[in-house]
Amino acid sequence: MAIKILLADDEEDLEDLFRQQFRRQILDHTYEFIFVTDGTQALAALEQHPDLDIFLSDINMPGIDGLSLLTKVPTINPILRTVIITAYGDMSNIRTAMNEGAFDFLTKPINFRDLQKTLEKTIRSVAQQRETAHLKAMDDMKTRFFANITHELRTPLSLIISPLDNLLETADLTATHQQQLATVQRNARQLLRLINQLLDINKLEAEQMEVVYEVGDLPSFVGQMVDLFRPSTDIKQLALTYQTDLPAGTYLFDTDKWAKILYNLLSNAIKFTDTGQITVSLTHTSTGVQLQVSDTGIGIAPDKLPHIFNRFYQVDSARNRAYEGTGIGLALVRELSTRLGGSAHVYAQEIGPGTRFMVEIPLPRAPLDQPTQPLTFPPAVSLLADRVFSVADPPSVHSVSVPETASSLAETTPLLLLVEDNAELREFIVTELAMHYRIRSAANGYEGLLLARDELPDLIITDLMMPRMDGYELIEQLRVDIETSHIPVVVLTAELESTSRLKGLALGADEFLTKPFSMNELRLRLRNLLTRQANLRESYRRQLAQAPTHTSPEPLQKVEDPFLRQLYEYLEAHLDDSTLNVEWLAGELSMSRRKLHRKLQTLLQLSPHDVIRQYRLRRSIDLLQAGYNASETAYRVGFESPSYFTKVFKEFYSQTPSEYLRR
0 MAIKILLADD
10 EEDLEDLFRQ
20 QFRRQILDHT
30 YEFIFVTDGT
40 QALAALEQHP
50 DLDIFLSDIN
60 MPGIDGLSLL
70 TKVPTINPIL
80 RTVIITAYGD
90 MSNIRTAMNE
100 GAFDFLTKPI
110 NFRDLQKTLE
120 KTIRSVAQQR
130 ETAHLKAMDD
140 MKTRFFANIT
150 HELRTPLSLI
160 ISPLDNLLET
170 ADLTATHQQQ
180 LATVQRNARQ
190 LLRLINQLLD
200 INKLEAEQME
210 VVYEVGDLPS
220 FVGQMVDLFR
230 PSTDIKQLAL
240 TYQTDLPAGT
250 YLFDTDKWAK
260 ILYNLLSNAI
270 KFTDTGQITV
280 SLTHTSTGVQ
290 LQVSDTGIGI
300 APDKLPHIFN
310 RFYQVDSARN
320 RAYEGTGIGL
330 ALVRELSTRL
340 GGSAHVYAQE
350 IGPGTRFMVE
360 IPLPRAPLDQ
370 PTQPLTFPPA
380 VSLLADRVFS
390 VADPPSVHSV
400 SVPETASSLA
410 ETTPLLLLVE
420 DNAELREFIV
430 TELAMHYRIR
440 SAANGYEGLL
450 LARDELPDLI
460 ITDLMMPRMD
470 GYELIEQLRV
480 DIETSHIPVV
490 VLTAELESTS
500 RLKGLALGAD
510 EFLTKPFSMN
520 ELRLRLRNLL
530 TRQANLRESY
540 RRQLAQAPTH
550 TSPEPLQKVE
560 DPFLRQLYEY
570 LEAHLDDSTL
580 NVEWLAGELS
590 MSRRKLHRKL
600 QTLLQLSPHD
610 VIRQYRLRRS
620 IDLLQAGYNA
630 SETAYRVGFE
640 SPSYFTKVFK
650 EFYSQTPSEY
660 LRR
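Residue numbers for the sequence shown follow the numbering used here, so the first one is 0 and each next one is one higher.
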């Protein structure tokens with residue numbers, strides 16, 4: 000696209016001179032010039048061509064002079080860069096022009112080499128300014144989008160939460176329905192809390208968040224907020240203490256912003272502290288008050304400390320991060336503190352592990368004659384209070400409750416392993432599936448892998464983003480392990496990108512469901528996978544136990560499953576060894592006898608002993624067809640006597656080897 004330049008000068012020969020000097024740039028559309036000879040024409044051109052990049056303007060012109068035009072440019076086109084042209088030595092006008100916003104100046108007679116360099120410099124500035132304007136426009140669009148979408152989400156959420164509140168107040172709910180509705184209520188309110196945080200960020204960004212002072216007892220207010228978190232610290236067995244040297248009295252402070260600061264600091268401390276204590280202190284300073292929240296948690300690496308208050312920043316940004324979060328809470332702490340005229344800081348603990356957050360806020364005392372009003376928590380704070388109990392969800396790996404009738408399921412019922420780090424979702428899925436599956440559950444990929452290797456389940460359901468080991472690594476480890484390579488895996492994920500799905504499928508996942516998902520669809524997919532496994536099992540059984548025919552059966556070494564292929568290779572290598580037994584075979588496969596039995600039950604629904612015997616019989620067919628007699632065949636396939644071989648052969652194929660040879 001050509002650089003569009005407006006030249007305003009009343010010298011008649013200047014247009015011809017410019018066209019001659021920039022003939023090549025005009026022909027190849029690098030530059031496009033618009034020429035006018037007075038200020039009035041220049042003003043009209045500025046208004047008619049909003050895509051102008053550079054304005055070359057003489058100062059002394061008929062109509063409107065260059066300095067007057069210069070004052071109008073920012074209103075007409077704020078990106079446009081103006082270069083003033085004036086007589087040599089006219090320093091007074093040059094100084095005035097630069098003060099009025101001119102980008103640069105040229106003196107007459109014009110040096111075109113100098114003009115070319117000035118144009119190049121001006122073009123770079125215009126490009127940078129356009130990029131800045133574009134980024135700002137995109138940022139404004141993003142801000143408006145977040146504001147609009149969060150407001151739109153609040154209405155359907157209100158229509159979820161309000162009827163739920165009414166339903167939970169009725170007395171005729173069963174215990175199961177009460178529990179399920181309470182789960183819906185907690186998570187709907189958590190979603191509303193996240194939406195409110197986005198709205199707060201948007202208001203702060205748009206400078207639309209007002210400070211609303213109320214008169215009240217600040218030390219008591221902070222103490223009440225701290226008390227809201229005691230159930231959460233009790234769950235994790237953490238000591239929570241509150242200290243203050245502020246006397247009870249009347250203070251002016253914004254309860255809503257103080258509550259949000261306290262909520263985010265305390266929930267952050269509880270989330271990252273597994274043992275020890277959390278201390279909240281409120282102390283007097285020369286300019287106001289200082290709030291500190293200290294913990295004995297995992298701490299923050301020194302190189303991460305400068306970024307901890309950045310929006311959407313997460314210390315652990317890996318897929319398998321151990322702690323969930325959006326990266327909004329601490330950013331909100333800093334921006335709310337700044338809005339209150341204060342500041343927020345973070346420090347590593349001087350002794351031992353942990354982190355110390357410090358917020359300093361100016362705090363005027365209320366007039367002595369103004370009575371203290373009883374403070375009530377604002378609506379946003381009440382919403383926070385409903386959520387603090389789940390700040391510290393306990394890592395319940397095996398503590399999920401199931402219906403009583405589910406505990407009596409037969410051993411032949413399919414065994415399902417559920418790997419999900421969200422405790423409520425884990426419990427919900429277990430409850431929904433427990434009537435049809437025996438279920439084991441784990442809170443992360445590492446625990447899930449251990450359970451998979453120990454239990455050898457029929458099916459695995461796994462999340463992707465989990466602590467210690469994510470779902471991708473879990474699938475990869477399952478597929479490279481000969482013991483678990485056959486287990487179908489269903490992935491539940493909140494990620495919508497096709498790259499995520501493709502990566503999971505490449506690693507060996509069988510099914511993908513995107514959260515929120517339908518339980519009916521999950522049940523159908525699980526059933527289809529079990530049906531597929533049953534069909535495969537039947538195919539493998541037929542291949543192993545293929546009845547005698549006059550055509551050569553398919554070689555067993557071509558079986559699709561890698562474990563069976565390896566197993567058959569071991570059996571083939573020791574085919575004539577009559578002492579071959581289950582213990583030896585399990586040792587060769589680096590498996591326990593129990594796991595070998597479980598694996599073969601899944602793949603063939605046969606015991607290891609039956610597999611060994613059927614493999615010998617299956618290979619005897621090949622030898623009989625190759626011309627060996629029954630006695631030779633018996634010894635070659637590991638039977639100690641031809642008579643026993645004949646007996647077993649007839650039991651399995653309903654004919655003797657001799658009868659087969661006579662066919």
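Backbone N, C-alpha and C fix where the C-beta goes; we use that ideal spot for every residue, glycine too.
As the structure is a prediction and not an experimental result, all values here were calculated from the model.
Residue j and residue i - do their beta-carbons sit closer together than 8 Å?
i	j	result
residue 299	residue 329	no
residue 415	residue 462	no
residue 190	residue 156	yes
residue 250	residue 215	yes
residue 278	residue 296	no
residue 56	residue 36	no
residue 652	residue 623	no
residue 219	residue 187	no
residue 339	residue 256	yes
residue 524	residue 510	yes
residue 69	residue 46	no
residue 121	residue 102	yes
Please work out which residues of its chain come closer than 6 Å, Cβ to Cβ, to residue i, disregarding the five sequence neighbours upstream and downstream, and give them in chain order.
i	result
residue 619	632, 636
residue 310	330
residue 202	208
residue 356	264, 292, 345
residue 647	none
Taking the beta carbon of residue i as the centre, do at least 16 other beta carbons fall within 10 Å, making it buried, or is it exposed?
i	result
residue 656	buried
residue 0	exposed
residue 614	buried
residue 539	buried
residue 224	buried
residue 210	exposed
residue 610	buried
residue 199	buried
residue 11	exposed
residue 439	buried
residue 479	exposed
residue 148	exposed
residue 550	At residue 550, the pLDDT of 49 sits below 50, so the modelled position is not reliable; the number obtained from the coordinates is stated separately. Label assigned to residue 550: exposed.
residue 443	buried
residue 684	Nothing about residue 684 can be read from this structure; the chain reaches only from 0 to 662.
residue 354	buried
residue 518	exposed
residue 642	exposed
Under 7 Å from any heavy atom of the ligand NAP, does the C-beta of residue i make it?
i	result
residue 266	No copy of the ligand NAP occurs in the structure displayed, which carries no ligand at all.
Taking the beta strand (DSSP E) that residue i falls in, what are its first and last residues?
i	result
residue 276	276–283
residue 347	342–347
residue 533	Per DSSP, residue 533 belongs to no beta strand (DSSP E); it is in the alpha helix (DSSP H), 518–543.
residue 358	354–361
residue 462	458–462
residue 441	437–441
residue 198	First-last for residue 198: 174–204, but that is the alpha helix (DSSP H), not the beta strand (DSSP E).
residue 569	Segment 561–572 is the alpha helix (DSSP H) holding residue 569; no beta strand (DSSP E) there.
residue 589	Unbroken run through residue 589: none, as it is neither H nor E.
In the DSSP assignment, find the unbroken alpha helix (DSSP H) run with residue i in it and report its ends.
i	result
residue 218	217–227
residue 489	Run containing residue 489: none in the alpha helix (DSSP H); it sits in the beta strand (DSSP E), 488–492.
residue 645	641–652
residue 15	13–20
residue 72	65–75
residue 39	38–47
residue 626	No alpha helix (DSSP H) holds residue 626; DSSP gives it neither H nor E.
residue 332	328–338
Here's a check: name, in chain order, each residue in its chain whose Cβ is nearer than 8 Å to the Cβ of residue i, leaving out the five neighbours to either side.
i	result
residue 477	448, 451, 459, 483, 484, 486, 488, 507
residue 95	66
Give me, in chain order, the residues of the same chain whose beta-carbon lies closer than 7 Å to that of residue i; leave out the 5 immediate sequence neighbours on both sides.
i	result
residue 283	244, 245
residue 577	637, 638, 639
Touching or not, the segment 17–32 and the segment 62–79, by the rule of three or more beta carbon pairs under 8 Å? Between the segment 17–32 and the segment 62–79 there are fewer than three C-beta pairs closer than 8 Å, too few to call the two in contact.
Any chance the segment 37–47 sits against the segment 3–18, with 3 or more Cβ pairs inside 8 Å? These segments touch.
Given 8 Å, three or more beta-carbon pairs between the segment 125–137 and the segment 167–186: No: the two stretches stay apart, fewer than three of their Cβ pairs being nearer than 8 Å.
Do the segment 478–497 and the segment 449–462 touch if we need at least three Cβ pairs shorter than 8 Å? Contact between the segment 478–497 and the segment 449–462 is present: 3 or more CB-CB pairs across the two stretches fall below 8 Å.
Would you call the segment 556–572 and the segment 438–455 in contact, with 3 or more CB pairs under 8 Å? Result no; under three Cβ-Cβ pairs closer than 8 Å.
Would the segment 104–116 count as touching the segment 59–67 if we require 3 or more Cβ pairs under 8 Å? Under the 8 Å Cβ criterion, the segment 104–116 does not count as touching the segment 59–67, having fewer than three qualifying pairs.
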